[in-house]
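Take a look at the structure set out below.
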Amino acid sequence: MMEEVYKKIVQDTVKFNLGDEEARHIWRQLFEPFIPEQTSKVQIVRDQRYGPAERNVLDVYFPSNNAEPGKPVVLFMHGGGFFSGDKAWSDKYWGNIGKCFAEHGIVVVIVNHQLVPYNKDDPNNMPTGPAVKYPAGADDVQLAREWMYKNIESPDFGSGSSSKVVLFGHSSGGAHIAANLYAAGDPERVSQQTEIFPPVAGVIYLSVPFCTRPIEGLTGDFTRFVGHLANMITLSLVFKSQLTSWHSARDALNLPTYIGTVQWEVQEAFDAAVAFFNTYRERSKPSGTNAIFHVLKGHNHLSNVLSIGSSDTAQASMLLEFVCTCTSTSLTPQHGSVIRSES
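Note that numbering that gives the first Met the number 0 numbers the sequence shown so that position 103 is 102, with each residue one more than the last.
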(Lines of atoms letter the chains of each structure in order from A; the text may use other names.)
(Lines give C-alpha, C1' and ligand atoms only; values in the text may rest on other atoms or scores of the structure.)
Protein backbone atom coordinates (compact mmCIF):
# COMPACT_ATOMS: atom_id res chain seq x y z
CA MET A 0 0.00 0.00 0.00
CA MET A 1 1.09 3.56 -0.71
CA GLU A 2 0.64 4.36 2.99
CA GLU A 3 3.61 2.13 3.79
CA VAL A 4 5.77 4.09 1.37
CA TYR A 5 4.77 7.35 3.03
CA LYS A 6 5.63 5.90 6.43
CA LYS A 7 9.13 5.08 5.18
CA ILE A 8 9.52 8.60 3.82
CA VAL A 9 8.68 10.02 7.24
CA GLN A 10 10.92 7.49 8.98
CA ASP A 11 13.94 8.19 6.75
CA THR A 12 13.42 11.98 6.53
CA VAL A 13 16.64 13.37 5.01
CA LYS A 14 18.86 10.28 5.19
CA PHE A 15 19.10 10.01 1.42
CA ASN A 16 22.56 10.84 0.04
CA LEU A 17 22.91 12.32 -3.44
CA GLY A 18 25.67 9.85 -4.20
CA ASP A 19 23.83 6.73 -2.99
CA GLU A 20 22.94 4.69 -6.06
CA GLU A 21 21.62 1.77 -3.99
CA ALA A 22 19.12 4.05 -2.25
CA ARG A 23 17.87 5.28 -5.62
CA HIS A 24 17.00 1.74 -6.63
CA ILE A 25 15.28 1.05 -3.31
CA TRP A 26 13.00 4.07 -3.65
CA ARG A 27 12.27 3.28 -7.28
CA GLN A 28 11.25 -0.27 -6.40
CA LEU A 29 8.96 1.02 -3.67
CA PHE A 30 7.06 3.27 -6.09
CA GLU A 31 7.01 1.09 -9.21
CA PRO A 32 3.97 -1.00 -8.18
CA PHE A 33 1.89 2.19 -8.12
CA ILE A 34 2.80 3.31 -11.65
CA PRO A 35 0.42 2.01 -14.35
CA GLU A 36 1.75 0.24 -17.43
CA GLN A 37 2.03 2.12 -20.69
CA THR A 38 -1.15 2.03 -22.77
CA SER A 39 -2.13 2.50 -26.40
CA LYS A 40 -3.33 6.01 -25.50
CA VAL A 41 0.28 7.18 -25.59
CA GLN A 42 2.58 6.72 -28.56
CA ILE A 43 6.33 6.43 -27.99
CA VAL A 44 9.13 7.06 -30.48
CA ARG A 45 12.38 5.82 -28.99
CA ASP A 46 16.08 6.44 -29.42
CA GLN A 47 16.12 9.48 -31.66
CA ARG A 48 19.66 10.77 -32.03
CA TYR A 49 20.11 14.46 -31.22
CA GLY A 50 23.91 14.79 -31.02
CA PRO A 51 27.26 13.04 -31.61
CA ALA A 52 27.90 11.57 -28.14
CA GLU A 53 26.94 7.97 -27.43
CA ARG A 54 24.28 9.04 -24.94
CA ASN A 55 22.81 11.76 -27.16
CA VAL A 56 19.51 9.95 -27.70
CA LEU A 57 15.97 10.81 -26.65
CA ASP A 58 12.46 9.37 -26.52
CA VAL A 59 9.26 11.19 -27.47
CA TYR A 60 5.86 10.53 -25.86
CA PHE A 61 2.63 11.99 -27.24
CA PRO A 62 -1.14 11.29 -27.23
CA SER A 63 -2.01 8.66 -29.83
CA ASN A 64 -5.37 9.99 -30.99
CA ASN A 65 -4.72 13.71 -31.00
CA ALA A 66 -3.48 15.13 -34.30
CA GLU A 67 -4.09 18.74 -33.27
CA PRO A 68 -0.97 20.82 -33.96
CA GLY A 69 0.65 23.23 -31.54
CA LYS A 70 0.69 21.07 -28.43
CA PRO A 71 2.82 22.19 -25.49
CA VAL A 72 6.12 20.35 -25.13
CA VAL A 73 8.02 19.30 -22.02
CA LEU A 74 11.69 18.31 -22.16
CA PHE A 75 12.64 16.17 -19.16
CA MET A 76 16.27 15.82 -18.10
CA HIS A 77 16.76 13.03 -15.55
CA GLY A 78 18.89 13.26 -12.42
CA GLY A 79 21.33 10.78 -10.98
CA GLY A 80 24.01 12.69 -9.12
CA PHE A 81 25.74 13.67 -12.41
CA PHE A 82 27.09 10.11 -12.74
CA SER A 83 24.08 7.83 -13.27
CA GLY A 84 20.56 7.65 -14.65
CA ASP A 85 18.85 6.96 -17.95
CA LYS A 86 15.75 7.96 -19.87
CA ALA A 87 14.70 4.33 -19.50
CA TRP A 88 15.84 3.83 -15.91
CA SER A 89 13.38 0.92 -15.73
CA ASP A 90 10.30 -0.30 -17.58
CA LYS A 91 8.25 2.39 -15.81
CA TYR A 92 10.76 5.17 -15.16
CA TRP A 93 11.05 7.71 -16.64
CA GLY A 94 8.21 6.71 -18.88
CA ASN A 95 5.91 7.62 -15.99
CA ILE A 96 6.50 11.28 -16.81
CA GLY A 97 5.99 10.73 -20.53
CA LYS A 98 2.75 8.84 -19.97
CA CYS A 99 1.34 11.21 -17.35
CA PHE A 100 1.95 14.40 -19.33
CA ALA A 101 1.00 12.90 -22.71
CA GLU A 102 -2.36 11.85 -21.26
CA HIS A 103 -2.93 15.57 -20.63
CA GLY A 104 -2.25 16.48 -24.26
CA ILE A 105 1.44 17.33 -23.91
CA VAL A 106 4.33 16.13 -26.04
CA VAL A 107 7.14 14.90 -23.79
CA VAL A 108 10.80 14.53 -24.76
CA ILE A 109 12.90 12.47 -22.32
CA VAL A 110 16.60 12.93 -22.85
CA ASN A 111 19.71 10.94 -22.07
CA HIS A 112 22.72 13.12 -21.33
CA GLN A 113 26.42 12.48 -20.83
CA LEU A 114 27.43 11.22 -17.40
CA VAL A 115 30.48 11.72 -15.23
CA PRO A 116 32.30 8.35 -15.26
CA TYR A 117 32.27 6.89 -11.79
CA ASN A 118 33.78 3.72 -10.32
CA LYS A 119 32.41 3.32 -6.80
CA ASP A 120 34.79 0.41 -6.14
CA ASP A 121 37.90 2.46 -6.85
CA PRO A 122 39.14 4.50 -3.85
CA ASN A 123 40.34 7.20 -6.25
CA ASN A 124 37.08 7.25 -8.24
CA MET A 125 38.99 6.64 -11.46
CA PRO A 126 36.97 6.99 -14.67
CA THR A 127 35.34 3.87 -16.06
CA GLY A 128 35.06 5.24 -19.57
CA PRO A 129 35.85 8.26 -21.75
CA ALA A 130 36.27 11.45 -19.74
CA VAL A 131 33.22 13.70 -19.70
CA LYS A 132 34.03 17.31 -18.94
CA TYR A 133 31.94 20.32 -18.01
CA PRO A 134 29.95 21.74 -19.79
CA ALA A 135 28.95 18.49 -21.51
CA GLY A 136 25.54 18.37 -19.84
CA ALA A 137 24.74 21.97 -20.74
CA ASP A 138 25.76 21.31 -24.33
CA ASP A 139 23.51 18.23 -24.40
CA VAL A 140 20.57 20.38 -23.31
CA GLN A 141 21.28 22.82 -26.14
CA LEU A 142 21.51 20.05 -28.73
CA ALA A 143 18.25 18.50 -27.51
CA ARG A 144 16.53 21.89 -27.69
CA GLU A 145 17.78 22.37 -31.24
CA TRP A 146 16.54 18.90 -32.20
CA MET A 147 13.09 19.76 -30.85
CA TYR A 148 13.05 23.09 -32.67
CA LYS A 149 13.67 21.30 -35.97
CA ASN A 150 11.53 18.19 -35.43
CA ILE A 151 8.87 18.48 -32.74
CA GLU A 152 6.18 20.02 -34.97
CA SER A 153 6.18 16.93 -37.19
CA PRO A 154 3.19 14.57 -36.81
CA ASP A 155 5.80 11.82 -36.42
CA PHE A 156 6.69 13.38 -33.06
CA GLY A 157 3.25 14.45 -31.88
CA SER A 158 2.76 17.84 -33.60
CA GLY A 159 4.13 19.87 -30.72
CA SER A 160 4.83 23.58 -30.82
CA SER A 161 8.46 24.66 -31.00
CA SER A 162 7.48 27.91 -29.24
CA LYS A 163 5.74 26.19 -26.29
CA VAL A 164 8.67 24.28 -24.83
CA VAL A 165 9.02 23.94 -21.05
CA LEU A 166 12.30 22.57 -19.70
CA PHE A 167 12.02 20.24 -16.69
CA GLY A 168 15.07 19.00 -14.80
CA HIS A 169 15.21 16.83 -11.70
CA SER A 170 18.27 17.00 -9.43
CA SER A 171 21.49 17.07 -11.49
CA GLY A 172 19.44 17.18 -14.70
CA GLY A 173 18.14 20.55 -13.59
CA ALA A 174 21.68 21.78 -12.95
CA HIS A 175 22.53 21.00 -16.58
CA ILE A 176 19.47 22.96 -17.73
CA ALA A 177 20.49 25.92 -15.57
CA ALA A 178 24.02 25.81 -16.96
CA ASN A 179 22.59 25.84 -20.47
CA LEU A 180 20.10 28.65 -19.98
CA TYR A 181 22.25 31.06 -18.02
CA ALA A 182 25.15 31.54 -20.43
CA ALA A 183 26.25 27.91 -20.06
CA GLY A 184 28.07 28.46 -16.87
CA ASP A 185 31.32 30.41 -16.92
CA PRO A 186 32.95 33.59 -18.25
CA GLU A 187 34.62 31.74 -21.11
CA ARG A 188 31.23 30.68 -22.45
CA VAL A 189 29.19 33.86 -22.05
CA SER A 190 27.43 34.64 -25.28
CA GLN A 191 26.71 38.14 -26.54
CA GLN A 192 23.32 36.86 -27.66
CA THR A 193 20.58 38.38 -25.52
CA GLU A 194 17.69 36.12 -26.54
CA ILE A 195 17.21 32.48 -25.60
CA PHE A 196 17.23 30.35 -28.73
CA PRO A 197 15.57 28.01 -29.44
CA PRO A 198 12.70 29.60 -27.51
CA VAL A 199 11.75 28.39 -24.03
CA ALA A 200 8.31 29.07 -22.53
CA GLY A 201 9.20 28.11 -18.95
CA VAL A 202 11.58 26.12 -16.78
CA ILE A 203 11.02 23.69 -13.90
CA TYR A 204 13.77 22.95 -11.38
CA LEU A 205 12.82 20.05 -9.11
CA SER A 206 15.17 19.26 -6.19
CA VAL A 207 18.15 20.72 -8.04
CA PRO A 208 21.59 20.97 -6.34
CA PHE A 209 22.51 24.27 -7.99
CA CYS A 210 25.48 24.58 -5.62
CA THR A 211 28.35 22.35 -6.66
CA ARG A 212 29.50 21.54 -3.16
CA PRO A 213 31.43 18.23 -3.35
CA ILE A 214 29.17 15.23 -2.89
CA GLU A 215 30.43 12.53 -0.54
CA GLY A 216 31.91 9.69 -2.57
CA LEU A 217 32.01 11.70 -5.78
CA THR A 218 34.65 14.30 -5.01
CA GLY A 219 37.30 12.90 -7.38
CA ASP A 220 35.03 12.45 -10.37
CA PHE A 221 33.14 15.65 -9.81
CA THR A 222 36.37 17.65 -9.58
CA ARG A 223 37.51 16.12 -12.86
CA PHE A 224 34.17 17.09 -14.42
CA VAL A 225 34.20 20.78 -13.47
CA GLY A 226 37.98 21.27 -13.51
CA HIS A 227 39.12 24.74 -12.44
CA LEU A 228 35.52 25.61 -11.49
CA ALA A 229 35.38 22.98 -8.74
CA ASN A 230 35.27 25.43 -5.85
CA MET A 231 32.66 27.70 -7.39
CA ILE A 232 28.90 27.37 -7.22
CA THR A 233 26.44 27.21 -10.05
CA LEU A 234 24.66 30.33 -8.82
CA SER A 235 27.64 32.57 -9.48
CA LEU A 236 28.56 30.74 -12.64
CA VAL A 237 25.27 30.55 -14.42
CA PHE A 238 23.18 33.39 -13.12
CA LYS A 239 24.44 35.95 -10.65
CA SER A 240 27.36 37.54 -12.46
CA GLN A 241 27.33 36.28 -16.02
CA LEU A 242 24.07 37.56 -17.48
CA THR A 243 23.87 41.04 -18.89
CA SER A 244 21.09 43.22 -17.54
CA TRP A 245 19.05 42.80 -20.72
CA HIS A 246 19.41 39.03 -21.15
CA SER A 247 16.04 37.37 -21.72
CA ALA A 248 16.85 34.60 -19.20
CA ARG A 249 16.25 37.25 -16.53
CA ASP A 250 12.84 38.19 -17.92
CA ALA A 251 10.49 36.65 -15.38
CA LEU A 252 7.42 37.44 -17.47
CA ASN A 253 8.64 35.69 -20.62
CA LEU A 254 10.54 32.88 -18.88
CA PRO A 255 8.47 31.78 -15.87
CA THR A 256 10.53 29.76 -13.39
CA TYR A 257 9.35 27.06 -10.99
CA ILE A 258 11.64 26.02 -8.14
CA GLY A 259 10.37 22.86 -6.48
CA THR A 260 11.67 21.18 -3.35
CA VAL A 261 10.26 18.82 -0.72
CA GLN A 262 9.57 18.60 3.00
CA TRP A 263 12.48 16.19 3.51
CA GLU A 264 15.06 17.45 1.05
CA VAL A 265 18.77 16.66 1.19
CA GLN A 266 20.69 19.65 2.51
CA GLU A 267 22.65 20.34 -0.68
CA ALA A 268 19.51 20.62 -2.77
CA PHE A 269 17.41 22.59 -0.28
CA ASP A 270 20.13 25.12 0.54
CA ALA A 271 20.72 25.55 -3.18
CA ALA A 272 17.01 26.04 -3.90
CA VAL A 273 16.75 28.80 -1.29
CA ALA A 274 19.94 30.47 -2.52
CA PHE A 275 18.79 30.29 -6.12
CA PHE A 276 15.39 31.70 -5.20
CA ASN A 277 17.00 34.70 -3.49
CA THR A 278 19.46 35.23 -6.34
CA TYR A 279 16.66 35.04 -8.87
CA ARG A 280 14.75 37.78 -7.08
CA GLU A 281 17.85 39.99 -6.98
CA ARG A 282 18.48 39.65 -10.71
CA SER A 283 15.04 39.20 -12.28
CA LYS A 284 13.23 41.65 -14.50
CA PRO A 285 10.89 43.35 -13.63
CA SER A 286 12.99 44.06 -10.58
CA GLY A 287 12.10 42.00 -7.53
CA THR A 288 9.98 39.43 -9.36
CA ASN A 289 9.95 36.09 -7.57
CA ALA A 290 10.09 32.65 -9.08
CA ILE A 291 7.38 30.20 -8.05
CA PHE A 292 8.69 28.35 -5.00
CA HIS A 293 6.91 25.21 -3.83
CA VAL A 294 7.69 22.79 -1.01
CA LEU A 295 5.91 19.48 -1.55
CA LYS A 296 4.61 18.07 1.72
CA GLY A 297 5.36 14.48 2.71
CA HIS A 298 8.04 13.72 0.12
CA ASN A 299 11.80 13.38 -0.22
CA HIS A 300 14.40 14.09 -2.91
CA LEU A 301 13.31 11.16 -5.08
CA SER A 302 9.72 10.42 -4.12
CA ASN A 303 8.45 13.69 -5.60
CA VAL A 304 9.38 12.74 -9.15
CA LEU A 305 8.78 9.01 -8.63
CA SER A 306 5.18 9.77 -7.66
CA ILE A 307 4.33 11.36 -11.01
CA GLY A 308 1.81 9.14 -12.77
CA SER A 309 0.67 7.40 -9.59
CA SER A 310 -2.51 8.00 -7.59
CA ASP A 311 -0.57 10.65 -5.67
CA THR A 312 -1.16 13.59 -7.99
CA ALA A 313 0.18 16.36 -5.73
CA GLN A 314 3.44 16.92 -7.62
CA ALA A 315 2.08 16.18 -11.08
CA SER A 316 -0.84 18.61 -10.66
CA MET A 317 1.48 21.46 -9.69
CA LEU A 318 3.71 20.86 -12.70
CA LEU A 319 0.82 20.46 -15.13
CA GLU A 320 -0.68 23.71 -13.95
CA PHE A 321 2.66 25.46 -14.42
CA VAL A 322 3.06 24.08 -17.96
CA CYS A 323 -0.50 25.11 -18.71
CA THR A 324 0.14 28.66 -17.53
CA CYS A 325 3.46 28.99 -19.40
CA THR A 326 1.97 27.84 -22.68
CA SER A 327 -1.49 29.46 -22.34
CA THR A 328 -3.07 26.07 -22.87
CA SER A 329 -6.09 24.25 -21.51
CA LEU A 330 -4.94 20.74 -20.69
CA THR A 331 -7.66 18.12 -20.79
CA PRO A 332 -6.66 14.74 -19.34
CA GLN A 333 -8.23 11.57 -20.67
CA HIS A 334 -9.65 11.03 -17.20
CA GLY A 335 -10.18 13.35 -14.26
CA SER A 336 -10.55 17.10 -14.11
CA VAL A 337 -9.62 19.76 -16.61
CA ILE A 338 -6.71 22.03 -15.69
CA ARG A 339 -6.99 25.47 -17.25
CA SER A 340 -4.71 28.44 -17.47
CA GLU A 341 -5.84 31.95 -16.72
CA SER A 342 -4.62 34.05 -19.59
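Every residue, glycine too, gets a C-beta built ideally from N, C-alpha and C.
Because the structure is a prediction, the values reported are computed rather than measured.
Nonlocal neighbours in the same chain, by C-beta distance under 7 Å from K14, ignoring five residues either side: Cβ-Cβ distances below 7 Å link K14 to nothing in the same chain once the five nearest sequence neighbours on each side are left out.
If you follow the beta strand (DSSP E) that V202 is part of, which residue opens it and which one closes it? From DSSP, the beta strand (DSSP E) with V202 extends over G201 to L205.
Euclidean distance between Cα positions of L252 and E102: Roughly 28 Å between the two C-alpha positions.
Report buried or exposed for K163, applying the criterion of at least 16 other Cβ atoms within 10 angstroms of its Cβ. Under the 10 Å beta carbon count, K163 is surrounded by 16 or more other beta carbons and is classified as buried.
So does the region 75 to 82 actually touch the region 43 to 51, counting three or more Cβ pairs closer than 8 Å? Contact fails: fewer than three Cβ-Cβ distances are below 8 Å.
Quick check: what's the CA-CA separation for M1 versus F33? When the Cα atoms are used, M1 and F33 turn out to be separated by approximately 8 Å.
What are the partner residues of F30, as DSSP defines its beta bridges? Answer is none; F30 lacks a bridge partner.
Which runs of the alpha helix (DSSP H), 4 residues or longer, sit entirely within the region 20 to 107? Runs of the alpha helix (DSSP H) spanning 4 or more residues and lying entirely within the region 20 to 107 occur at 20 to 30 and 94 to 101, in chain order.
Is the region 194 to 206 touching the region 161 to 175, taking contact as three or more C-beta pairs under 8 Å? With a cut-off of 8 Å, the region 161 to 175 and the region 194 to 206 count as touching, because enough Cβ pairs lie within range.
Between Q113 and A52, is the Cβ-Cβ spacing less than 8 Å? A contact, by the Cβ cut-off of 8 Å.
C-alpha gap between I8 and T260, whole angstroms: Between I8 and T260, the C-alpha separation is close to 15 Å.
For C325 and A290, the rounded distance between their alpha carbons: Between A290 and C325, the C-alpha separation is close to 13 Å.
Which runs of the beta strand (DSSP E), 3 residues or longer, sit entirely within the region 290 to 315? Listed in chain order, they are 291 to 299.
Counterpart residues of W263 in DSSP-defined beta bridges: According to DSSP, W263 bridges with N299.
Helix, strand or coil for V13, going by three-state DSSP, please let me know. In this structure, V13 counts as coil in the three-state DSSP scheme.
By Cβ distance, which residues of its chain are closer than 8 Å to K98, with the 5 residues on each side in sequence left out? Taking C-beta separations shorter than 8 Å and ignoring five residues to either side along the sequence, the partners of K98 in its chain run P35, Q37, T38, V41, Y60 and G308, following chain order.
Beta-ladder partner(s) of H175, from DSSP: DSSP lists no partner for H175.
Can you tell me which of V107, D270 and I176 puts its alpha carbon nearest to the alpha carbon of S63? Checked all of V107, D270 and I176; the closest Cα to S63 is V107.
Neighbourhood of N303 by C-beta, 6 Å cutoff - its chain only, sequence neighbours within 5 removed: Listed in chain order, the non-local C-beta contacts of N303 below 6 Å within the same chain comprise V261, L295 and Q314, local neighbours out to five positions each way being set aside.
Sequence-distant residues of its chain with Cβ nearer than 6 Å to A272 (five each side left out): Only I258 and T260 meet the Cβ criterion.
Please say whether S153 and E343 have beta carbons closer to each other than 8 Å? This structure does not reach residue 343, given that the chain is present from 0 up to 342, and the question cannot be answered.
By Cβ distance below 7 Å, which residues in the same chain neighbour G297 in space, the five residues on each side in sequence not counted? Listed in chain order, the non-local C-beta contacts of G297 below 7 Å within the same chain comprise Y5, I8 and Q262, local neighbours out to five positions each way being set aside.
Take the Cβ of G287 as the centre, count every other Cβ of all protein chains shown within 10 Å, and call the residue buried at 16 or more, exposed below. Its Cβ having fewer than 16 others within 10 Å, G287 is exposed.
beta-carbon K149 near the ligand SAH non-hydrogen atom, thresh 7 Å: With respect to the ligand SAH, the structure offers nothing, as it holds no ligand at all.
For E194 and S247, believed in contact at Cβ under 8 Å, the rounded distance: The beta carbons of S247 and E194 sit about 5 Å from each other, so the pair counts as a contact at 8 Å.
Between I109 and the rest of its own chain, which residues show a CB-CB distance below 6 Å, the 5 nearest in sequence each way excluded? Excluding positions up to five away in sequence, the list reads D58, F75, K86, W93 and G97.
Spatial neighbours of F100 in its chain, beta-carbon cut-off 6 Å, leaving aside the 5 residues before and after: The beta carbon of F100 is closer than 6 Å to those of V73 and V107 in its chain, skipping five residues each way along the sequence.
Could you pull out every residue in the same chain whose Cβ sits closer than 8 Å to the Cβ of L142, ignoring the five residues on either side in sequence? The answer, listed in chain order, is Y49, G50 and N55.
Mark F196 as exposed unless 16 or more other C-beta atoms lie within 10 angstroms of its C-beta, in which case mark it buried. With fewer than 16 other Cβ atoms inside 10 Å of its own Cβ, F196 counts as exposed.
Going by DSSP, what residue range makes up the alpha helix (DSSP H) through L354? For residue 354 there is no data in the structure shown, the boundaries of the chain being 0 and 342.
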